[in-house]
Amino acid sequence: MMKLINWFTTFAFLVTRGIGCPLEERDALLTIKAAFFSDPDGATFPSWSEQSLNCCDWERVGCDNSTLQVDSLDFHWLYIGRGTDKILNASLFLPFQGLKMLDLNQNDLSDINGRLSLKSLRTLNLGRNQLKKIPSLGDLPSLRALDMSNGITKELSNLKWTGLETLNLENCLLLDRALMPILRMKSLKSLSLALNKELSSQNFLTGLCELGSLEELNIAQNKFDGEIPQCFFNMTSIRALDVGSNLFRGNIPPSLFSNLKSLEYINLSNNMFDGEFLLSSLANNSRLEVFGLVGNHFPLKIETEKPTWSPPFQLKVFQLSGCILNEESGGAIPSFLLNQNELLSVRLDGNGMRGSLPIWLLENNTNLESLDISGNNISGSFDLPVSLNMTHMRVFSASNNLIKGSLPLHIGCVFSNLSVFHMAGNQLVGIIPSSFRDMMELHVLDLSNNELSGEFPESLVGISLWMLKLSNNNLRGELLSKVKISRSFGYLYLGGNQFEGVISPGLLSFPNLVYLDASNNFLRGTIPNWMGDLDLGYIILSNNSIQGPLPPSFCRLSGLQYLDLSHNNMGPRMSFCSNMFMLQHLHLQNTGLVGPLPESISQYSSLIMLDLTNNALSGEIPPWIGSLGNMKLLLLKGNRLEGSIPRQLCRLSEVSIMDLSYNNLSGVIPSCLHDLTDAYFALLPLQGSSFFFPYVLGAYPLNYSIGLSLFESNDYSFSSHLMEVSFVSKKRQESYTGSILDFMSGMDLSCNKLTGTIPPELGHLSKALALNLSHNRLIGHIPETFTGLTSVESLDLSHNRLDGPIPPQLVGLYRMSVFSVAHNNLSGRIPEMKNQFGTFGESSYEGNPFLCGPPLRSCNWTEQATPPPEHGQGSPFPWDWFGQSFAGSFVIGFLGVVVFLCIDSHYRDMILGKVYQHAPFLRKLVE
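Each residue of the sequence shown is one higher than the one before, counting from 34 in the working numbering.
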């Protein structure tokens, strides 16, 4: 009888559940599909259909194994709010009372109406939406994990689920005033506030110490400053702590580690710590697996060798970069690493380490995935044991060291699965081993700035290589004359070698080539017509013997962003395509161009840098140049341009460097130029690496791939690395390259024929680092508004016709290291020799006869002197002084001749004889 009852109960259960999920839940899912997706053909979620009875088999649906109720719904990355009112009706989910996990991540939602009231819901993901506040979702008594990351959530007043254990509020634009509800979450075990950027409240940090259950805390990439709060040392339950990329300062407290014995993960990177840190402070952290201290604002002194200690842990990730490492022991490689054999990622770049290449680090850690020891003083040869097999290694970087000799011939067998290999900036010689072809996963190979020889390595063609850097070696032969087709190559750096001949059609073997640098070689001939068949975005062929003109097919490169043909013979006239709408950088320095500025350039609306220096361009600067609104660097130095500076230049409000020097420009300086150089040059964001916070309790496993991602983030920002600008600053021709341009700003109008007064408005160039108006015909006073040049480091007003005093307020320009007003008509006392003015010598003031005071002569001699007339009160030339000097010189010269004739009778008789011969009456008069 019991068996019959059990059978009947099971049968009834299956009938009511439709042999799967409950029918009401199945119908609710179909309602959700109809509400979110209007595709009659059923392309979205094809398994969700009337014909399929068991919704537990549907995609993105999970069911409980015992009750068959729906317990998880994954709707991430569907953009269900796009194209609608972006408001989600919470009542759609009410039938799922057994639901434990709901993922609505990345759906573009702006709000959620109604209450969920799901008693069993434990995990709710609302990240990557447009929710301005945490929705009021009603009573969720089982909720333990909430993700609101990567949104615009600025209001947390509805955060009332006190049972929460995991809260992710990364990158939400939060401000300090919104944080207090977090401190009520006494059950929190994992909290992430990273990437909010503006958080700084020390009171909030102190309040976090009251969350006694907290095990994981991520406050990276904010503005928390001062010392790490003392109460953090008492948070003994902490397993993971990330305070990276803030403004913390002071010493790194050893008690942070001695007290927090449960630490598994610690990241202190990118702060402003100072002083010294002993790695022996980690002697009590037996559970430590991840340690990160890179990119500190000040070079920290790190000691790993003293006092003697034995690490109780086995690290998986160790990253220590940009420090003064083991100064007392001569930059020794940390010896405690000899006892580590579970390492997955090691970063020791930029520490000044000395010694031989630590092959033992590879031998002891065969599971190592990434190693970076670049930017040190590692020396010796690159010897790899033949038996070594690093199949897990993905990234190897030893660039910018002192490693000599040749690359191991069997290197491809040792690193068979390598993705990134950096050995640039060493002293390697010999050929590039053919075993690189065994690295079938190799994507980036950088062997630039060595002394490698031979021809282009054909063995590199055919693997998955995407970026190849062989610049600045001794490679020779015809460029790419023998290569086979390869669809992998995207970026090819071959500059600074000895390649010769014409540009080879071998380039057609790389149909996906985006970037070509063959500068500083011995290439000749013209740019071939077939180059237009490629899809190049970057072409750098400067410093060769290439001749113009450009072929007609060049105009098919409509996606070209960077073109550098400098120091070739492209003139006298060069055809410019009018369809280069994406071109951002045009470098044609010293290419023999003549005639007016080509009007086709006016169509280059994306142009950021225009360099036409040292050509023979003539005519006026055309008004259309003001239409290039994205221009940041305008370099027209060393041409034959004439006429006035057009006011249309003032429309280039983004320009940070303008060089119009060494031309024949005339007229006055437009006062509106003060609108320029108001913003630093910032083509690309500064690159930086930070740790990815790997812990979220109950949701994500420990992620030790952070080491690998750090190296891969050290990518090549092509435009930033290419950029090179020659600009006169501090009376020297300086070359500014790469990220330094983010901070360079200046204007050079020197060596022209400019007249009139200096516009006072130029004093508003508060961010200009260099201002050069020398060698013109400027008159009038130095504007007192120049006190507004608060960033200026070089100010040159020499070789003009300026008068009046030097404004004494200029002593407040604390950053100025070069100052010259030489060869003008200035008068009065030189400003007090304090601050930077105490460093300027006589050469800064010479050629101004009416200037006095240190470092020139005392001002006492001028007390009775009449200063020269000022501009507007007469001629600026000192006629009185000239007349007195001339009369005195004449008298002295005449008396000198008389004395000479009286002393030497021979010359006296000879000269008087000549005089008497032409004027006999004088002899009689004398007698």
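Ideal Cβ placement from N, Cα and C applies to all residues, glycine included.
Can you tell me whether K66 is helix, strand or coil according to DSSP?
Translated into the one-based positions of the sequence shown, residue 66 becomes position 33. K66 falls in the helix class under three-state DSSP.
Beta strand (DSSP E) segment containing I496, residue limits:
Counting from one through the sequence shown, the residue named residue 496 turns up at place 463. Judged by DSSP secondary structure, I496 falls outside any beta strand (DSSP E); it is assigned neither H nor E.
Is L884 helix, strand or coil by DSSP?
Your numbering for residue 884 matches position 851 in the sequence shown. Looking at L884 - three-state DSSP - the assignment turns out to be strand.
Would the segment 804–821 and the segment 834–847 be scored as touching if the rule is three or more Cβ pairs under 8 Å?
They touch, by the three-pair rule.
Per-residue DSSP class, three states only, for F257:
The count along the sequence shown starts at 1 and reaches residue 257 at position 224. Three-state DSSP puts F257 in coil, outside helix and strand.
Cα-Cα separation, E203 to E188
If you number the sequence shown from 1, residue 203 lands on position 170. If you number the sequence shown from 1, residue 188 lands on position 155. For E203 and E188, the distance between alpha carbons rounds to 14 Å.
Please confirm whether N201 and M181 have their CB atoms less than 8 Å apart.
Translated into positions along the sequence shown, residue 201 becomes position 168. Translated into positions along the sequence shown, residue 181 becomes position 148. Less than 8 Å separates the beta-carbon of N201 from that of M181.
Cut-off 7 Å between Cβ atoms - residues of its own chain near P631, not counting five sequence neighbours on either side
Taking the first residue of the sequence shown as position 1, residue 631 is located at position 598. Excluding positions up to five away in sequence, the list reads F609.
Whose C-beta lies closer than 6 Å to the C-beta of L293 among residues of the same chain, with five residues either side of it excluded?
Residue 293 sits at position 260 when you count from the first residue of the sequence shown. These residues qualify, in order along the chain: I271.
Note down, in chain order, each residue of its chain lying with its Cβ closer than 6 Å to the Cβ of P391, except the 5 sequence neighbours on either side.
Indexing the sequence shown from 1 puts residue 391 at position 358. Within the same chain, P391 has close Cβ partners I366.
Apart from the five residues just before and just after G905, which ones in its own chain have a Cβ nearer than 8 Å to its Cβ?
Residue mapping note: residue 905 aligns to position 872 of the sequence shown, counting from 1. Here G905 scores only 43 on pLDDT, less than 50, and its place in the model is too uncertain to base an answer on.
How close, in whole Å, do the beta carbons of V323 and I299 come, if the pair is a contact with beta carbons under 8 Å?
One-based indexing of the sequence shown puts residue 323 at position 290. One-based indexing of the sequence shown puts residue 299 at position 266. About 7 Å separates the two Cβ atoms, so the contact holds.
With a threshold of 6 Å on Cβ separation, who are the neighbours of Y548 within its own chain once the five nearest residues in sequence on each side are excluded?
Against the sequence shown, residue 548 aligns to sequence position 515. Beyond the five residues adjoining it in sequence on each side, Y548 comes within less than 6 Å, by CB distance, of Y524, Y571 in the same chain, given in chain order.
Evaluate P79 with the Cβ neighbour count: other Cβ atoms within 10 Å of its Cβ, from every protein chain shown; 16 or more gives buried, anything less gives exposed.
One-based indexing of the sequence shown puts residue 79 at position 46. Its Cβ having fewer than 16 others within 10 Å, P79 is exposed.
Cβ of N857 within 8 Å of Cβ of N833?
In the sequence shown, the residue the question calls residue 857 occupies position 824. In the sequence shown, the residue the question calls residue 833 occupies position 800. Yes. Within cutoff.
DSSP on L280, reduced to helix/strand/coil?
To locate residue 280, count along the sequence shown from 1; it is residue 247. L280: strand per DSSP, three-state reduction.
Is M473 buried or exposed, if buried means 16 or more other CB atoms sit within 10 Å of its CB?
Here residue 473 corresponds to residue number 440 of the sequence shown, with the count starting at 1. Classification of M473: exposed, given that the 10 Å Cβ count is below 16.
Quick one: is S578 buried, meaning 16 or more other Cβ sit within 10 Å of its Cβ, or exposed?
To locate residue 578, count along the sequence shown from 1; it is residue 545. Exposed: under 16 other Cβ atoms inside 10 Å.
Going by DSSP in three states, F724 sits in which element: helix, strand or coil?
Here the question's residue 724 lines up with position 691 in the sequence shown. Model confidence at F724 stands at a pLDDT of 32, short of 50, so the residue's coordinates are unreliable; what they give is reported in the following sentence. In the three-state scheme derived from DSSP, where H, G and I count as helix and E and B as strand, F724 is classed as coil.
Taking only three categories from DSSP, how would you classify S575?
Here residue 575 is taken as the residue at index 542 of the sequence shown, counted from 1. S575 falls in the coil class under three-state DSSP.
What runs of the beta strand (DSSP E), each 3 residues or longer, lie entirely inside the segment 134–195?
The beta strand (DSSP E) runs lying completely inside the segment 134–195 and spanning 3 residues or more are 134–136, 144–146, 156–158, 178–180, given in chain order.
Give the range of the beta strand (DSSP E) segment to which M477 is assigned.
Residue 477 sits at position 444 when you count from the first residue of the sequence shown. Rather than Met, the amino acid found at residue 477 in this sequence is Val. First-last of the beta strand (DSSP E) with V477: 477–479.
Put G510 into one of helix, strand or coil per three-state DSSP.
Residue numbering aside, residue 510 sits at position 477 when the sequence shown is read from its first letter. In the structure shown, G510 sits in a strand (DSSP, three-state: E or B).
Would you call G259 buried or exposed, if buried means 16 or more other Cβ atoms sit within 10 Å of its Cβ?
Position 226 of the sequence shown, counted from the first residue, corresponds to residue 259. Flag for G259 reads exposed.
Any idea if K349 is buried or exposed, counting beta-carbon neighbours within 10 angstroms, 16 or more meaning buried?
Numbered from 1 along the sequence shown, position 316 holds the residue referred to as residue 349. Its Cβ being crowded by 16 or more others within 10 Å, K349 is buried.
Compare the beta carbon distance of L976 and S486 with 8 Å and say whether it is the shorter of the two.
The structure shown does not extend to residue 976, since the chain is modelled only from 34 to 960, so the question has no answer here.
Flag this pair as yes or no: are the beta carbons of L527 and L503 separated by less than 8 Å?
Mapped onto the sequence shown, residue 527 falls at position 494. Mapped onto the sequence shown, residue 503 falls at position 470. Contact flag set, yes.
Alpha carbon to alpha carbon, how far is I773 from V844?
Translated into positions along the sequence shown, residue 773 becomes position 740. Translated into positions along the sequence shown, residue 844 becomes position 811. Interpretation of I773 is limited by its pLDDT of 49, a score under 50 that renders its predicted location unreliable; no figure is taken from the coordinates.
Between L668 and L645, is the Cβ-Cβ spacing less than 8 Å?
Translated into positions along the sequence shown, residue 668 becomes position 635. Translated into positions along the sequence shown, residue 645 becomes position 612. Going by C-beta atoms, L668 is nearer than 8 Å to L645.
Alpha carbons only, please: which of L811, F265, P345 is nearest the one belonging to L370?
Indexing the sequence shown from 1 puts residue 370 at position 337. Proximity to L370 across L811, F265, P345 peaks at P345, based on C-alpha coordinates.
Could you tell me the alpha carbon to alpha carbon distance between S432 and N562, rounded to whole angstroms?
Residue 432 sits at position 399 when you count from the first residue of the sequence shown. Residue 562 sits at position 529 when you count from the first residue of the sequence shown. Taking the straight line joining both Cα atoms gives about 38 Å.
Can you tell me the Cα-Cα spacing of G95 and S150, whole angstroms?
By one-based count along the sequence shown, residue 95 stands at place 62. By one-based count along the sequence shown, residue 150 stands at place 117. Cα to Cα, G95 sits roughly 20 Å from S150.
Could you tell me the alpha carbon to alpha carbon distance between E243 and F331, rounded to whole angstroms?
The count along the sequence shown starts at 1 and reaches residue 243 at position 210. The count along the sequence shown starts at 1 and reaches residue 331 at position 298. Distance from the CA of E243 to the CA of F331, rounded to the nearest whole angstrom, comes to 32 Å.
Nearest to N576 by CA position, among D60, L404, A551, I634, is which residue?
As a first step, residue 576 is located in the sequence shown; it is residue number 543 there, counting from the start. N576 has its Cα closest to that of A551, out of D60, L404, A551, I634.
Are the CB atoms of T341 and L312 nearer to each other than 8 Å?
In the sequence shown, counting from the first residue as 1, residue 341 sits at position 308. In the sequence shown, counting from the first residue as 1, residue 312 sits at position 279. Against a cut-off of 8 Å, the Cβ pair of L312 and T341 comes out as no contact.
Can you give me the Cβ contacts of G721 inside the same chain, cut-off strictly under 6 Å, excluding the 5 residues immediately before and after it?
Translated into the one-based positions of the sequence shown, residue 721 becomes position 688. Legend: pLDDT at G721 = 32, less than 50; position of this residue unreliable, value from coordinates given subsequently. Same-chain partners within the cutoff: there are none.
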